[in-house]
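What follows is a short report on a single structure.
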Amino acid sequence: MTPAARYAAAIDILDKVLRGEAAEKALTHWARANRFAGSGDRHALRDIVFDVLRCKRSYGVRGGAKTGRGLVLGALRAAGIAPDDVFTGQGYGPAALTDADGPGAQPEGLDALDCPDWLAPALLASLGDNFPAVMQTLQSRAPVFLRVNLRKGDMARAVAALALDGIETQPNPLSPTALEVLNNPRKVQTSNAYLDGLVELQDAASQAIVDELSLRSGQRVLDFCAGGGGKSLAMAAQTSAQFFAHDIAPARMKDLPARAKRAGVQVTVLASAALAKAEPFDLVLADAPCSGSGSWRRAPEAKWALSQARLTELCALQAQIMDNAAALVAKGGTLAYATCALLKMENQDQITAFLGRHSGWTLKKARVLTPLEGGDGFFIACLKRKI
Ligand SMILES: C[S@@+](CC[C@H](N)C(=O)[O-])C[C@H]1O[C@@H](n2cnc3c(N)ncnc32)[C@H](O)[C@@H]1O
0 MTPAARYAAA IDILDKVLRG EAAEKALTHW ARANRFAGSG DRHALRDIVF
50 DVLRCKRSYG VRGGAKTGRG LVLGALRAAG IAPDDVFTGQ GYGPAALTDA
100 DGPGAQPEGL DALDCPDWLA PALLASLGDN FPAVMQTLQS RAPVFLRVNL
150 RKGDMARAVA ALALDGIETQ PNPLSPTALE VLNNPRKVQT SNAYLDGLVE
200 LQDAASQAIV DELSLRSGQR VLDFCAGGGG KSLAMAAQTS AQFFAHDIAP
250 ARMKDLPARA KRAGVQVTVL ASAALAKAEP FDLVLADAPC SGSGSWRRAP
300 EAKWALSQAR LTELCALQAQ IMDNAAALVA KGGTLAYATC ALLKMENQDQ
350 ITAFLGRHSG WTLKKARVLT PLEGGDGFFI ACLKRKI
């Protein structure tokens with residue numbers, strides 16, 4: 000496909016996304032209907048669509064319309080690419096520009112930051128002076144990070160193994176196990192280091208959160224909201240403890256046994272009904288569902304889809320999950336509450352409210368990471384239950 004044809008396809012896909020279809024689905028449908036397109040075209044198209052969605056608001060202003068065509072026009076203007084070179088009306092490219100497309104405008108204020116109006120006060124209150132810089136960081140693609148599985152080898156071995164497959168990496172200061180992928184990120188999942196379980200795809204801040212848990216051998220550890228099991232695996236790679244994974248939606252954990260096998264670690268999957276028999280645990284991690292505001296670079300549609308009603312619902316669910324998880328912690332044990340959210344109401348305020356609801360718990364430590372540190376935005380707090 001020519002670059003112009005890719006932009007034309009992106010316009011069609013973006014129009015579907017604007018009508019409510021999920022971007023991943025729209026991209027998959029497009030690929031099925033256009034089997035001539037190779038993987039290079041599909042990847043390039045995906046990059047265009049997600050780059051645009053991150054900056055949907057500012058590109059709409061630059062392009063003069065909140066349509067697929069307007070957004071792509073805005074993206075080209077923002078990147079300094081002459082729109083006439085793409086909107087040629089030739090071959091499979093988008094129709095030539097007319098007066099109706101208009102000159103667009105320079106985005107300012109919340110337009111320029113790609114920040115939803117209703118969320119700006121809460122984000123500003125949570126991020127303070129960092130608000131503009133964080134919002135600007137969320138306009139760009141996230142780096143790709145790997146976690147080196149110390150059960151299988153050290154950092155030097157992982158770097159060398161990846162280099163043999165043409166993947167250059169460099170250690171990242173967020174975690175002693177984190178490597179940033181510098182080139183060929185799409186080769187990772189077919190590399191020997193990945194297939195042998197020496198590395199796993201995981202955001203560096205997500206790894207830093209696990210580093211905060213001070214895991215010790217012999218502990219019984221429950222990942223209460225395990226999802227795909229990313230944090231279960233990171234925890235199990237750190238020490239020889241007994242690791243358990245649970246999620247209210249067990250299907251989310253379906254790949255966990257195979258991933259644990261590849262990583263050379265043991266994680267026991269527990270159904271909700273089995274929790275009562277398995278408790279108490281020395282450490283329960285509650286990596287709760289949240290706004291995902293710390294990972295909007297990876298999932299930009301979530302930024303625009305979040306509503307006040309959904310946020311209120313999430314906050315109530317987070318409080319309920321903390322209460323449920325706390326009931327599973329042994330006396331003297333730890334409840335670790337984590338989110339990939341930037342909002343205080345999902346983070347520090349939840350801890351304050353928990354301590355107000357429950358006596359006999361103390362806050363041992365808390366850490367806030369924003370995308371300014373390089374990885375996703377994350378929050379973790381460790382609460383100790385009295386003996
Ligand atoms: C942020 S995700 C977890 C991500 C995962 N820990 C990881 O590192 O890949 C939150 C998870 O919480 C689960 N969840 C939602 N409500 C829950 C509940 N009441 N109890 C336990 N898990 C719940 C969701 O199904 C979802 O998989």
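Residue numbers (numbering that gives the first Met the number 0): 0 to 386.
Each residue gets a CB set at the ideal place from its N, CA and C atoms; glycine is no exception.
These numbers come from a predicted model, not from an experiment.
With a CB to CB cut of under 8 Å and the five nearest residues on each side skipped, what residues in its chain are close to Met321?
Ala285, Ala287, Leu334, Tyr336, Gln349 and Phe353
Could you give the distance in angstroms between the alpha-carbon of Ala236 and the alpha-carbon of Leu362?
26 Å
Taking the alpha carbon of Ala304 as the point to measure from, which residue in Cys314, Gly291 and Leu316 has its own alpha carbon closest?
Gly291
Would you mind sorting Gln206 into buried or exposed? The rule is 16 or more other CB atoms within 10 Å of its CB.
buried
Give every residue of the same chain whose Cβ lies closer than 7 Å to the Cβ of Ala121, excluding the five residues on either side of it in the sequence, and list them in chain order.
Leu342 and Met344
Could you round the C-beta distance between Leu327 and Glu278 to whole angstroms and report it? I think they count as a contact, below 8 Å.
4 Å
I need the straight-line Cα distance from Gln89 to Asp195, nearest angstrom please.
48 Å
I believe Val133 touches Leu123 by the beta-carbon criterion, under 8 Å. Please report the beta-carbon distance rounded to the nearest angstrom.
Rounded, the Cβ-Cβ distance is 10 Å, inconsistent with contact.
Looking only at its chain, what residues have a beta carbon closer than 8 Å to the beta carbon of Arg384, apart from the 5 residues adjacent to it on each side?
Ala325, Val328, Ala329, Lys330, Gly331, Gly332, Thr333, Leu334, Gly359 and Trp360
Can you find a heavy atom of ligand 1 that lies under 8 Å from the Cβ of Ser205?
yes
Do you know offhand how far Phe35's Cα is from Phe378's?
44 Å
Can you name the residues that DSSP bridges to Gln241?
Arg219
Proximity to Gly67 [Cα-Cα], best of Ala104, Val220, Pro131 and Ile12:
Ile12
Cβ neighbour criterion (16 or more within 10 Å) applied to Lys151
buried
Checking the sheet assignment: what are the DSSP bridge partners for Glu167?
Its beta-bridge partners do not exist; DSSP assigns none.
For Ala326: DSSP bridge partner residues
Partner(s): none; Ala326 has no beta bridge.
Can you check the stretch 238 to 299 for any beta strand (DSSP E) of at least 3 residues that lies completely inside it and give the ranges in chain order?
241 to 244, 266 to 268 and 280 to 286
Inter-residue Cα distance where the pair is Ala43 and Arg5
8 Å
Name the one or two DSSP bridge partners that Ala380 has.
Tyr336 and Ala365
Return helix, strand or coil for Arg356, following the three-state DSSP convention.
helix
Limits of the unbroken beta strand (DSSP E) element including Ala177:
Ala177 to Val180
Which same chain residues, not among the five before or five after Ala238, have their C-beta less than 7 Å away from its C-beta?
Going by the sequence as given, residue 238 is Thr instead of Ala. Result list for Thr238: Leu214, Arg215 and Ser216, in chain order.
Following the continuous beta strand (DSSP E) through Ala199, name the residue where it begins and the one where it ends.
The amino acid at residue 199 is misidentified as Ala; the sequence shows Glu. Segment Val198 to Leu200, the beta strand (DSSP E) holding Glu199.
Give me the Cβ distance between Val85 and Leu75, rounded to the nearest whole Å; I'm assuming they're in contact under 8 Å.
6 Å
I need the boundaries of the alpha helix (DSSP H) containing Val51, first residue and last residue.
Ser38 to Arg53
Residues near ligand 1, criterion Cβ-heavy atom distance below 7 Å
Ser205, Asp222, Phe223, Cys224, Ala225, Gly226, Gly227, Gly228, Gly229, Lys230, His245, Asp246, Ile247, Ala248, Arg251, Asp286, Ala287, Pro288, Cys289, Leu316, Gln319, Ile320, Asn323 and Cys339
Given this structure, state the Cα-to-Cα distance separating Asn148 from Asp83, to the nearest angstrom.
49 Å
What is the rounded straight-line gap between the Cα of Ala77 and the Cα of Tyr193?
36 Å
Check whether the stretch 50 to 69 touches the stretch 107 to 117, taking contact to mean three or more Cβ pairs, one atom from each stretch, closer than 8 Å.
yes
Evaluate contact between the stretch 296 to 312 and the stretch 46 to 53, counting only Cβ atoms and requiring at least three cross-stretch pairs below 8 Å.
yes
Whole angstroms is fine: what's the gap from Ser306's alpha carbon to Leu118's?
9 Å
Among Leu382, Ile386, Val367 and Leu96, nearest to Asn129 - alpha-carbon criterion
Val367
Are the beta-carbon atoms belonging to Leu173 and Met154 less than 9 Å from one another?
no
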